[in-house]
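Engineer: There's a structure below that I have some questions on.
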Amino acid sequence: MAGFLATSESIGQAGLQSRACNINSLWAWVLTETLVRLGLKTAVIAPGSRSGPLTVALAEHPKIAAIPILDERSASFFALGVARQSHQPVLIVCTSGTAAANFYPAIIEASLSHVSLLVLTADRPPELRDCHAGQAMDQTKLYGHFPRWQTELGLPSLDLTHLAYLRQTINQAWSMALMPTPGPVHLNIPLREPLAPIPDSETAVFSGTVDWPIFFQALQPPQLSYLLPQAIPWPTWSQTERGVIIAGPCQPAVPNAYAQAVLSLSQCLDWPILADALSPVRHFANESAVVISLYDLLLRNQATAESLKPDLVIQLGELPTSKPLRTWLERTTPARWIISPQPDNFDPLHGASQTLRWDIETLAGRLPDFSGTAKTSPYHQAWIAAETIGQRKLSELFGDVDWLCEPKLAWLLSQTLPPQTPIFVASSMPVRDMETVFLANSQAFRFFFNRGVNGIDGTLSTALGVAWENQPTVLITGDLALLHDTNGFLLNKVFKGSLTIISINNHGGGIFAHLPIHQAEHVFDPYFATPQEVNFQRLAQAYGVQHHLIGAWPELVSRLNPLPKSGIHLIEVPCLRERDAKWRQKFLYPLLTNNIAV
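Numbering (the working numbering), first residue to last: 16 to 613.
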């Protein structure tokens with residue numbers, strides 16, 4: 016069968032009749048055409064029989080990139096990655112039964128990190144439920160309260176009113192996936208036989224009576240806008256000298272515009288910016304506004320932390336991961352303004368905070384003119400001096416480290432990767448090392464991450480989604496996070512893009528060595544560190560992925576700049592977990608012990 020339409024703007028009656036050949040095919044075609052007109056470009060399809068009509072409709076539409084993926088969990092995280100980098104809803108579809116349950120982790124992550132997913136689960140009709148008909152379970156509200164909206168569609172019907180209901184329900188689902196807060200939407204879709212595109216004359220006659228251009232003509236992508244009900248508390252901010260801006264994790268559609276807005280706010284207030292590595296601000300630093308990247312190390316010293324005590328904090332989105340930063344805020348109790356267009360509670364410290372429902376780009380456009388008011392307060396100067404000293408000491412420390420260790424990897428990457436490289440960072444230790452020692456820069460790196468729930472599942476698949484038809488991308492991951500999602504490698508044969516995986520193989524969960532449970536030696540390794548004796552070279556070979564074992568830093572640098580233009584490449588960096596943990600505690604964390612008095 017050819018595509019449903021020559022173009023989505025031109026609907027030929029004869030062409031439609033040959034493709035919408037039965038009631039399920041017509042239903043699936045209307046659903047698909049509606050989504051295309053709203054803006055859908057990518058559909059990720061897990062194989063199955065009950066979802067057959069949906070699969071055929073999506074796969075045959077010329078304006079949809081339909082990507083088949085065997086494993087539903089991997090498929091859903093891949094879709095999450097594509098949605099992250101495109102900032103557009105991505106559709107995922109599966110058959111009935113436990114297939115749908117495998118979407119759950121990615122849906123939770125999408126919900127808590129505000130990523131738009133359109134989730135279609137095919138289902139048995141009502142008469143085949145609760146009677147052991149096979150591959151059937153209760154799929155209504157399967158994902159709890161995590162979807163932004165969820166409903167079960169009615170059974171397909173050859174009725175124009177019913178098709179209009181379908182069109183408007185899909186329109187509603189698309190809008191709810193985008194606003195007021197982006198996230199997943201779930202449609203459960205019951206279908207009777209026939210599931211294959213077997214023609215029937217009744218459907219052909221009916222479809223020939225419908226004026227399809229008129230039917231679809233009113234569809235338009237929704238207009239997105241933020242409500243801005245509050246005034247900027249400018250007098251309070253501008254009269255505060257000891258203020259800081261904390262730029263937390265963020266994946267904006269236009270990183271440069273976001274970063275420049277934050278830098279403008281900093282210059283206007285003469286406040287330093289403490290920017291997470293997961294914020295674009297750290298990677299768009301410039302000479303006019305110094306970005307503080309080493310706050311995690313600086314605030315580990317109690318005297319320094321006290322001398323840099325703020326009176327007011329502007330927090331952009333959620334807080335960074337850094338425990339010293341959070342402890343500092345709890346102990347110093349500054350007034351805090353949280354700026355985010357999202358309705359979430361971004362104050363896990365439960366402090367004296369107020370929230371402005373703004374996006375920073377719009378807020379920056381309403382700042383007063385600060386040209387010709389160049390100044391740097393003693394408080395701001397103290398932060399700049401501390402950052403400068405810290406970067407010098409860090410360079411000296413890592414300069415003496417010629418053996419492979421985890422924290423030096425993060426520091427080295429900040430000075431090695433090509434400009435504008437998309438970087439996906441796994442949870443656990445990689446994201447913490449990035450925050451601690453990945454230096455502020457002007458290289459316009461684009462960071463991606465799954466920090467909605469901070470899990471390690473789906474790491475590889477999400478990174479592959481980020482890299483899909485994107486420029487050469489890098490994944491930084493530990494060995495356990497990679498092993499948790501090796502089915503992602505099944506994408507290798509259809510993968511379009513370049514992903515270089517830097518896998519830190521320290522034979523277990525390195526983060527647990529920094530937790531009190533490390534002292535319980537009798538249970539620590541088998542139940543917490545959980546070392547896995549996997550030969551990564553053979554694992555890569557099994558999936559047809561190129562593997563490189565690194566023996567020294569220069570070898571790693573040579574493989575990262577330039578990056579490969581296509582394919583999946585696994586770079587294994589062997590490290591010693593216990594040695595790295597002890598080295599951090601003895602040398603890295605106490606590095607900046609001198610008090611910075613202000």
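Ideal Cβ positions, reconstructed from N, Cα and C, are used throughout, including at glycine.
#1: What does DSSP give as the partner residue(s) for residue 439 in the beta ladder?
#2: Quick check: what's the CA-CA separation for residue 354 versus residue 437?
#3: Within the stretch 322-401, note down every full alpha helix (DSSP H) run reaching 4 residues or more, in order along the chain.
#4: Please report the straight-line C-alpha distance between residue 374 and residue 43, rounded to a whole angstrom.
#5: For the pair the stretch 438-450 and the stretch 58-66, tell me if three or more CB-CB distances fall below 8 Å.
#6: Quick one: is residue 381 buried, meaning 16 or more other Cβ sit within 10 Å of its Cβ, or exposed?
#7: For the ligand COA, is there a heavy atom less than 6 Å away from the beta-carbon of residue 472?
#8: Could you check which residue in 278, 294, 477 has the C-alpha nearest to that of residue 287?
#9: Just grab the DSSP bridge partners of residue 306 for me.
#10: Counting only runs of 4+ residues fully inside the stretch 471-551, write out the alpha helix (DSSP H) ranges in chain order.
#11: Okay, do the stretch 199-206 and the stretch 168-182 touch, 3+ Cβ pairs below 8 Å being the bar?
#12: In the DSSP assignment, what residue or residues form a beta bridge with residue 167?
#13: Could you confirm whether any beta carbon from chain B is found closer than 7 Å to the beta carbon of residue 544?
#14: Name the residue from 464, 249, 602, 339 whose alpha carbon lies nearest to the alpha carbon of residue 489.
#15: Answer yes or no: do residue 180 and residue 122 have a C-beta to C-beta separation smaller than 7 Å?
#16: Taking all protein chains shown into account, decide if residue 316 is buried (16 or more other Cβ within 10 angstroms of its Cβ) or exposed.
#17: Just checking my contact of residue 199 with residue 89 at CB under 8 Å: how many whole Å lie between their CB atoms?
#18: State the DSSP-derived secondary structure class of residue 85, mapped to helix, strand or coil.
#19: Please report the straight-line C-alpha distance between residue 276 and residue 454, rounded to a whole angstrom.
#20: Indicate the three-state DSSP secondary structure (helix, strand or coil) for residue 146 in the structure shown.
#21: Which class does residue 117 belong to by DSSP, given the choice of helix, strand or coil?
#22: Measuring straight from C-alpha to C-alpha, what distance separates residue 133 and residue 250?
#23: How long is the line joining the alpha carbons of residue 513 and residue 424, rounded to whole angstroms?
#24: Where residue 583 and residue 474 are concerned, what is the direct C-alpha to C-alpha distance, given to the nearest angstrom?
#25: Quick one: give me the first and last residue of the beta strand (DSSP E) that residue 587 is part of.
#26: How many Å lie between residue 338 and residue 608 at the Cα?
#27: Report the rounded CA-to-CA distance for residue 635 versus residue 124, giving the unit in angstroms.
#28: Expressed to the nearest angstrom, what Euclidean distance is found between the alpha-carbon atoms of residue 268 and residue 130?
#29: Taking the Cβ atom as the reference point for each residue, do residue 5 and residue 46 lie within a distance shorter than 7 Å?
#30: Compute the distance between the beta-carbons of residue 358 and residue 176, then report whether it is under 7 Å.
#31: In the DSSP assignment, what residue or residues form a beta bridge with residue 561?
#32: Report the residue from 91, 40, 109, 63 whose alpha carbon sits nearest the alpha carbon of residue 75.
#33: Could you tell me whether the stretch 82-99 touches the stretch 476-493, where touching means 3 or more Cβ pairs closer than 8 Å?
#34: Considering Cα atoms alone, identify which of 49, 67, 81, 50 is closest to residue 618.
#35: With burial defined as no fewer than 16 other Cβ atoms inside 10 Å of the residue's Cβ, what is the status of residue 485: buried or exposed?
#36: Measuring CA to CA, which of 112, 109, 412, 448 is closest to residue 421?
Structural biologist: In this structure, then:
#1: Counting from one through the sequence shown, the residue named residue 439 turns up at place 424. 463, 490.
#2: By one-based count along the sequence shown, residue 354 stands at place 339. By one-based count along the sequence shown, residue 437 stands at place 422. Pairing residue 354 with residue 437, the inter-Cα distance amounts to about 25 Å.
#3: If we require 4 residues or more, the alpha helix (DSSP H) runs fully inside the stretch 322-401 come out as 338-347, 375-379.
#4: For the purposes of this step, residue 374 is identified with residue 359 of the sequence shown, where counting begins at 1. For the purposes of this step, residue 43 is identified with residue 28 of the sequence shown, where counting begins at 1. Rounded to the nearest angstrom, the two C-alpha atoms are 37 Å apart.
#5: With a cut-off of 8 Å, the stretch 58-66 and the stretch 438-450 do not count as touching, because too few Cβ pairs lie within range.
#6: Taking the sequence shown and counting its residues from 1, the one referred to as residue 381 is at position 366. Exposed, since its Cβ has fewer than 16 Cβ neighbours within 10 Å.
#7: The ligand COA is not part of this structure, which contains no ligands at all.
#8: For this step, residue 287 is matched to residue 272 along the sequence shown. Considering only alpha carbons, the answer is 278.
#9: For the purposes of this step, residue 306 is taken as the residue at position 291 of the sequence shown. Residue 306 pairs with 288.
#10: Secondary structure in the stretch 471-551: the alpha helix (DSSP H) runs of 4 residues or longer, each lying completely within the stretch, are 474-482, 494-498, 536-539 in chain order.
#11: Yes: the two stretches touch, three or more of their Cβ pairs being nearer than 8 Å.
#12: What you label residue 167 is simply residue 152 of the sequence shown in a count that begins at 1. Residue 167 pairs with 203.
#13: The question asks about chain B, but that chain is absent: this structure has only one protein chain.
#14: The sequence position of residue 489 within the sequence shown is 474, counting from 1. Selection 464, 249, 602, 339 evaluated against residue 489 yields 464 as nearest (Cα-Cα).
#15: Taking the sequence shown and counting its residues from 1, the one referred to as residue 180 is at position 165. Taking the sequence shown and counting its residues from 1, the one referred to as residue 122 is at position 107. Contact flag unset, no.
#16: Along the sequence shown, one-based indexing puts residue 316 at 301. With a threshold of 16 other beta carbon atoms within 10 Å, residue 316 meets it and is buried.
#17: As a working note, residue 199 is residue 184 in the sequence shown. As a working note, residue 89 is residue 74 in the sequence shown. So it is not a contact: roughly 17 Å between Cβ atoms.
#18: For the purposes of this step, residue 85 is identified with residue 70 of the sequence shown, where counting begins at 1. Residue 85 falls in the coil class under three-state DSSP.
#19: Within the sequence shown, the letter at position 261 stands for residue 276. Within the sequence shown, the letter at position 439 stands for residue 454. Looking at the two C-alpha atoms, the distance is approximately 20 Å.
#20: Here residue 146 is taken as the residue at index 131 of the sequence shown, counted from 1. Coil at residue 146, not helix or strand.
#21: Looking up residue 117 in the sequence shown gives position 102. Note: residue 117 maps to coil in three-state DSSP.
#22: The residue labelled residue 133 in the question sits at position 118 within the sequence shown. The residue labelled residue 250 in the question sits at position 235 within the sequence shown. Spanning the alpha carbons of residue 133 and residue 250 requires a straight line of approximately 43 Å.
#23: Here residue 513 is taken as the residue at index 498 of the sequence shown, counted from 1. Here residue 424 is taken as the residue at index 409 of the sequence shown, counted from 1. Distance between the alpha carbons of residue 513 and residue 424: 21 Å.
#24: For the purposes of this step, residue 583 is taken as residue 568 along the sequence shown, with counting starting at 1. For the purposes of this step, residue 474 is taken as residue 459 along the sequence shown, with counting starting at 1. Distance between the alpha carbons of residue 583 and residue 474: 14 Å.
#25: Taking the sequence shown and counting its residues from 1, the one referred to as residue 587 is at position 572. Note, residue 587: beta strand (DSSP E), 582-589.
#26: The residue you call residue 338 lines up with position 323 of the sequence shown. The residue you call residue 608 lines up with position 593 of the sequence shown. Going by C-alpha positions, residue 338 is about 17 Å away from residue 608.
#27: Because residue 635 is not part of the residues shown, which for the chain are 16 to 613, the question remains open.
#28: As a working note, residue 268 is residue 253 in the sequence shown. As a working note, residue 130 is residue 115 in the sequence shown. Distance between the alpha carbons of residue 268 and residue 130 is about 12 Å.
#29: Outside the modelled stretch of the chain, which goes from 16 to 613, sits residue 5, for which no answer is possible.
#30: For the purposes of this step, residue 358 is identified with residue 343 of the sequence shown, where counting begins at 1. For the purposes of this step, residue 176 is identified with residue 161 of the sequence shown, where counting begins at 1. Not closer than 7 Å, so no.
#31: Along the sequence shown, read from residue 1 onward, the residue named residue 561 stands at position 546. In the DSSP output, where bridge partners are listed per residue, residue 561 has 584.
#32: Taking the first residue of the sequence shown as position 1, residue 75 is located at position 60. Nearest Cα to residue 75 within the set 91, 40, 109, 63: 40.
#33: In short, these stretches touch, since the Cβ pair count reaches three.
#34: Nothing about residue 618 can be read from this structure; the chain reaches only from 16 to 613.
#35: Along the sequence shown, read from residue 1 onward, the residue named residue 485 stands at position 470. Result: buried.
#36: On the sequence shown, position 406 is the one that residue 421 refers to. Answer by Cα proximity: 448.
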